[in-house]
Structures are given as C-alpha cells and as structure tokens.
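A.B. asks: Input: one structure, supplied below.
Number of protein chains: 2
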Amino acid sequence: MGLPLYQKVIDTIVARIAAGELLPGGILPSEFQLAAEIGVSQGTARKALMMLEQHGIVRREQGRGTFVTARTPDSSLFNFFRLRRPDGTIIKPEVVSEEIRERPADAAEQTALHEHPDLVTEIRRVRSLDGVASAIETAVVPAALFPGLARRAPLPSALYILYQQGYSCIVLRAEETITAVTAGAAEAELLGLTPGSALLRVERVATDILGRVVERRHSLYRTDGLCYKVTLE
Amino acid sequence: MGLPLYQKVIDTIVARIAAGELLPGGILPSEFQLAAEIGVSQGTARKALMMLEQHGIVRREQGRGTFVTARTPDSSLFNFFRLRRPDGTIIKPEVVSEEIRERPADAAEQTALHEHPDLVTEIRRVRSLDGVASAIETAVVPAALFPGLARRAPLPSALYILYQQGYSCIVLRAEETITAVTAGAAEAELLGLTPGSALLRVERVATDILGRVVERRHSLYRTDGLCYKVTLE
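Listed in order, the protein sequences are those of chains A and B.
Letter by letter, the first sequence follows residues 315 to 547 in my numbering.
Letter by letter, the second sequence follows residues 315 to 547 in my numbering.
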C-alpha cells in the first residue's frame, strides 16, 4: 500500500516549484520526459498534470506545453485581499505600525499550524485608509518556517510575496471566517472609536502549495470607510 | 455595426434556457445543427459554446455533446449560502416568519434593478438557528418580473429555486458586500439582543442568466452561533 503513482509525480513537481527550480511562468518538462525521469507511465504523468491544472498550479497550453502558473504581486493582492471602498474600488490600506515578535505558540496555533510549532512569529500591524486607522491585523507563522522575519522589518504590505520570494513558500489557498464583534477598549483606542463600536472580524487560515498550514491571521476592520466584497457564482 | 455573430448564438441559447425549452442537464443541439438553425458558421457556433462553457452555463463532454449545467437545489444552496457554524458545518437556518408586500421602489432600487421598476415585491424573513432568531433577511425584486409572489406564500427557504422553477429566472451570480453594524432597537428586539450588539450586514445584488439584476437583498446576522465562510484561491 503506497501513494498512488501520480501522487509521486505531483510531489516531485510541487517540490521543484517550492525549491525555486521551477519558476512561476516557467515551462515544465513534457509528459514523456517527466514519465522517464520519475519512472512512471506517460498516462500517469498526464494524470498528475491534469490534477495540478485543476488545482491551478500549472496551466496547459495546447501545442505549447505546460507552465507553472504565474502568481504576481498583483494577482496575490487581488486574490487574497477582499477589502473595497463602499463603491467597489480596490483599496490598499497603508501599514502605519508594525510589531514583530517571537513567542510560544498557544494551543490552537500549535494544533493548526504546520509541524505543530512550539515557537511562532507574530506580526501585528495597524493599517490606515485615507489617514484613518482602519484595521488591526495579526498574522502568526511557525518561527522555524520563516527564520529571521523580524530582521527584515519593515515587512512589505503583502506578506505572501515575502513568503514566496524570501522563503519559497507559495500560499495558494485561504479560508476566511467572518463575524461581527464589538470593539474592546484597546482596539477602540487603536482605531479611534468608541468602545462597543461594531467591527468586522476576519480569521484566516492560509495553506501553501505543499498543503501546509503556514499562517493563521485575524484581522479587525472598521467598516465605515471600507467593506469586504465576495462574488458568488 | 451589429453584435458579433457568436453573441447571436449565445442569446438564442440563453433565451431557450430562460424559457424552459432547454432544461438543466438537457443536451444542446450539435454545433452543426446550431450553425444551420441560426445561420452562422460552425466555427461561430463553436466559439459561442466555448464562451457559454466559460460562464458555467453549459458543460461540454468529450464525445457526448454539450449539456445545460444543472443547478440543483443543493448546488444553489451551496453556491449562494455561505453561513456556517463556527466549526465549519453547513447550516440552514429555518424561516420562522415571513412578510411579503408590494410597495413603490426607492430610488436606489429603481436604479439598480432590471427595467428600473416603479413597483417592487419585498420579502422580509426572520430565520432561526437551533431555536434562536439569528437572521433578518430582506429580498427586493421587481414586481413585474415575479407576478403573484405573495399568493405563493409561504415561500421556500431557498428563493432562487422558486425564481427558477416558478419564473424561469436562473440566478447565476451574486455580489456580496459585508460590513459590521450595531443593532438598532427594532432589530435587537427581533433577534433577542441588547441594542448596540454587533451584527454582520450582507448586501447582495443577484444577476440572472440573461444578465439582469433581478434581486437586491440585505441581511443582518448575529454571529455568536454562525459565521460567514469564504475560500480564496
């Protein structure tokens, strides 16, 4: 009883992408070459490529070959950043303060994150929109997976680009859980609100190309100047 | 300058689906037949089918033909109903009260809805989860597009199935705008909360297969027992 053979092909390709040997936009070996290299049938290689395509990891172009899906800074922002102005235009609230610290993982973090880390790095940032403090975001990652994060401060606005370029960690998927909460005293002060004001709370769990849960994030937003947009179809 | 020819094919097929002549799951005429019927080239018919497939309206199966995408009650609920328990399981809060009335459209409704209606039908429902009133949903549709809605009361829990089966109106797409608000006195009373409690507000604009904006809906949810889930990828 082992893994199905196509899984071996998938793992090989994903490992090469994660290692930076195959770059976004780069071409993959042909089905024939992959089959020969990995020691599987060409049909098995084809099946693996089809599954990678279904997951959006590669793109097959008729008569040209198979390419690693390009995930540019813009597409990352577009895919993972759902805040909009009330009129629907995209906004990028500016980071106005940032605190990065290593600390012991709490029980929930240890359970959820990849390899059940004892130590996590917490990145806490306040974002501002048109000069109004509007968001408090707290991202928590396994310290061992992202060594030296604190030394890279100030971090770029879009962390996933840093994860990819600095650590070959490609975030492909996030689950968000949205609720409404009232602001406590500390949050209200940071956001310039009366305690008890309504805030949108977004909890995110992000998974990378290797299927590892690499980040938990919770964010609080005041929604007088922004909203969260979703398209269902 | 007219519409491109493939648009003529798309409009013909969509009109037949909307009229109920082509049913969900049913097979379409072949490219050859479509081309002959509508008076276009087979290449044009093929292009139209490819575009309909991209929009998820038809599904092409190699060697079998092209089929109207089935939108079953379950897939509708799954696609358009993002409420979950905090543990992620799907919930279907039960309708506990329903008021349906025709009234004049307000300015925003007249602007947004199909054919700028003077008269709209408003469906206001309270939903309950585990015996706790948890949601106030208000759907507004053009009265002329859905004649006799009030006489069909009580309406099914999933309105889009009624729109489809009773009015051949197939909702394909919705845009949701999510904010956090505090409960006013009336809302607090309906939901058994203290005024000032935080509520999730979801505004939805729904578009049907013909590209018509057929419904505006705003919903208020208490999020102590439920949450709104989104997957980003």
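Yeah, the Cβ is synthetic: ideal placement off N, Cα and C, and Gly gets one too.
Return yes when the C-beta of threonine 425 of chain B is under 7 Å from any heavy atom of the ligand COA, and no when it is not.
C.D. replies: Among the components modelled here there is no ligand, and therefore nothing to report on the ligand COA.
A.B. asks: Find the nearest neighbour of proline 338 of chain B within the set B/Val485, B/Leu540, B/Arg531 and B/Gly402, judged by alpha-carbon distance.
C.D. replies: Considering only alpha carbons, the answer is B/Val485.
A.B. asks: Please name the residues in the segment 481 to 496 of chain B whose beta-carbon is closer than 8 Å to at least one beta-carbon of chain A, in chain order.
C.D. replies: Those residues of the segment 481 to 496 of chain B that come within reach of chain A (Cβ to Cβ, closer than 8 Å) are Leu486, Arg487, Ala488, Glu489, Glu490, Thr491, Ile492, Thr493, Ala494, Val495 and Thr496.
A.B. asks: Drop a sphere of 10 angstroms on the beta-carbon of threonine 380 of chain B, count the other beta-carbons inside from all chains shown, and report buried for 16 or more, exposed for fewer.
C.D. replies: The residue is buried, with at least 16 neighbouring Cβ atoms inside 10 Å.
A.B. asks: Using a Cβ-Cβ cut-off of less than 7 Å, give me the residues of the segment 342 to 376 of chain A that come near chain B, in sequence order.
C.D. replies: Hits within the stretch, in order: Gly370.
A.B. asks: Taking the runs of the alpha helix (DSSP H) that are 4 residues or longer, which of them lie wholly in the segment 433 to 489 of chain A?
C.D. replies: Entirely contained in the segment 433 to 489 of chain A, the alpha helix (DSSP H) runs reaching 4 residues are, in chain order, 473 to 481.
A.B. asks: Verify the CB distance criterion: does tyrosine 477 of chain B have a CB-CB separation below 8 Å to chain A?
C.D. replies: Chain A, which has no Cβ nearer than 8 Å to the Cβ of tyrosine 477 of chain B, makes this no.
A.B. asks: Report the rounded CA-to-CA distance for leucine 473 of chain B versus valine 446 of chain B, giving the unit in angstroms.
C.D. replies: About 22 Å.
A.B. asks: Taking all protein chains shown into account, decide if valine 434 of chain A is buried (16 or more other Cβ within 10 angstroms of its Cβ) or exposed.
C.D. replies: Valine 434 of chain A should be labelled buried.
A.B. asks: Indicate whether the contact test is met: 3 or more Cβ pairs, each with one atom in the segment 348 to 359 of chain A and one in the segment 487 to 499 of chain A, closer than 8 Å.
C.D. replies: Contact fails: fewer than three Cβ-Cβ distances are below 8 Å.
A.B. asks: Can you tell me whether alanine 346 of chain B is helix, strand or coil according to DSSP?
C.D. replies: First, the residue type needs correcting, since residue 346 of chain B is phenylalanine and not alanine in the sequence shown. Helix at phenylalanine 346 of chain B.
A.B. asks: Between which two residues does the alpha helix (DSSP H) holding isoleucine 324 of chain B run?
C.D. replies: Where isoleucine 324 of chain B is concerned, the enclosing alpha helix (DSSP H) stretches over 319 to 332.
A.B. asks: Can threonine 358 of chain A and isoleucine 371 of chain A be called in contact, C-beta distance under 8 Å?
C.D. replies: Cβ atoms of threonine 358 of chain A and isoleucine 371 of chain A: not closer than 8 Å.
A.B. asks: For phenylalanine 395 of chain B, write down the residues that DSSP places opposite it in a beta bridge.
C.D. replies: DSSP lists no partner for phenylalanine 395 of chain B.
A.B. asks: Curious, which full-length beta strand (DSSP E) runs of at least 3 residues does the segment 493 to 529 of chain B contain?
C.D. replies: Listed in chain order, the complete beta strand (DSSP E) runs (minimum 3 residues) inside the segment 493 to 529 of chain B are 512 to 522.
A.B. asks: Using 8 Å as the limit for Cβ to Cβ distance, is alanine 512 of chain B near chain A?
C.D. replies: It does: the Cβ of alanine 512 of chain B has a partner Cβ on chain A nearer than 8 Å.
A.B. asks: Indicate the three-state DSSP secondary structure (helix, strand or coil) for arginine 287 of chain A in the structure shown.
C.D. replies: Within the shown structure, residues of chain A are numbered from 315 to 547, placing residue 287 of chain A beyond reach of any answer.
A.B. asks: Looking at glutamate 451 of chain A and arginine 466 of chain A, is the spacing between their C-beta atoms short of 8 Å?
C.D. replies: No. Outside cutoff.
A.B. asks: Tell whether a beta-carbon distance below 8 Å holds between arginine 374 of chain B and valine 409 of chain B.
C.D. replies: For arginine 374 of chain B and valine 409 of chain B, no; Cβs fall outside 8 Å.
A.B. asks: Quick check: is the beta carbon of valine 544 of chain A nearer than 8 Å to any beta carbon in chain C?
C.D. replies: Judged by its chain identifiers, the structure shown contains no chain C, and its protein chains are A and B.
A.B. asks: If the cut is a Cβ gap below 7 Å, which residues of chain A does threonine 537 of chain B touch?
C.D. replies: Those within 7 Å of threonine 537 of chain B in chain A are Thr493 and Ala494.
A.B. asks: State the CB to CB distance for the pair alanine 457 of chain A and glutamate 413 of chain A, rounded to an integer number of angstroms; the pair is presumed to be in contact (CB under 8 Å).
C.D. replies: Going by Cβ atoms, the distance from alanine 457 of chain A to glutamate 413 of chain A rounds to 15 Å, so no, they are not a contact pair.
A.B. asks: Starting from the beta carbon of glutamate 547 of chain B, find every residue of chain A whose beta carbon is closer than 8 Å, and list them in chain order.
C.D. replies: Within chain A, the residues near glutamate 547 of chain B are Gly370, Asn393, Leu486, Arg487 and Ala488.
A.B. asks: Please state whether the Cβ-Cβ distance between leucine 342 of chain B and leucine 443 of chain B is less than 8 Å.
C.D. replies: Contact flag unset, no.
A.B. asks: Check each candidate in B/Gly340, B/Tyr320, B/Ile492 and B/Leu397 and name the one with the smallest Cα separation from methionine 365 of chain B.
C.D. replies: Comparing Cα-Cα distances from methionine 365 of chain B to each of B/Gly340, B/Tyr320, B/Ile492 and B/Leu397, the minimum goes to B/Tyr320.
A.B. asks: Quick one: what does DSSP say isoleucine 371 of chain A is sitting in, helix, strand or coil?
C.D. replies: Isoleucine 371 of chain A: coil per DSSP, three-state reduction.
A.B. asks: With a 10 Å radius around its C-beta and 16 neighbouring C-beta atoms as the bar for buried, classify isoleucine 437 of chain A as buried or exposed.
C.D. replies: Classification for isoleucine 437 of chain A: buried.
A.B. asks: Do glutamate 517 of chain A and threonine 537 of chain A come within 8 Å of each other at the CB atom, strictly closer than that value?
C.D. replies: No, Cβ-Cβ distance for threonine 537 of chain A and glutamate 517 of chain A is not below 8 Å.
A.B. asks: So for glutamate 351 of chain B, helix, strand or coil by DSSP?
C.D. replies: Here glutamate 351 of chain B sits in helix by DSSP.
A.B. asks: May I ask which residues mark the beginning and end of the beta strand (DSSP E) holding threonine 545 of chain A?
C.D. replies: Threonine 545 of chain A -> beta strand (DSSP E) spans 541 to 546.
A.B. asks: Going by beta carbon distance, what residues of the same chain come within less than 6 Å of arginine 505 of chain B, once the five residues before and after it are set aside?
C.D. replies: Just to set this straight, residue 505 of chain B is leucine in the shown sequence, not arginine. Only Ala447 and Arg536 meet the Cβ criterion.
A.B. asks: Could you pull out every residue in the same chain whose Cβ sits closer than 8 Å to the Cβ of alanine 464 of chain B, ignoring the five residues on either side in sequence?
C.D. replies: Correct list, in chain order: Ile414, Arg415, Glu416 and Thr435.
A.B. asks: Grouping DSSP H, G and I as helix and E and B as strand, with all else coil, what is glycine 357 of chain A?
C.D. replies: It is helical.
A.B. asks: DSSP has glutamate 408 of chain A in a bridge; who is on the other side?
C.D. replies: Its beta-bridge partners are A/Ser442.
A.B. asks: Using beta carbons (cut-off 8 Å, strictly below), is leucine 505 of chain B in contact with chain A?
C.D. replies: Leucine 505 of chain B does not count as touching chain A.
A.B. asks: Below 6 Å CB to CB, which residues in the same chain sit around glutamine 478 of chain B once its five sequence neighbours on both sides are set aside?
C.D. replies: Here the set comprises Ile484.
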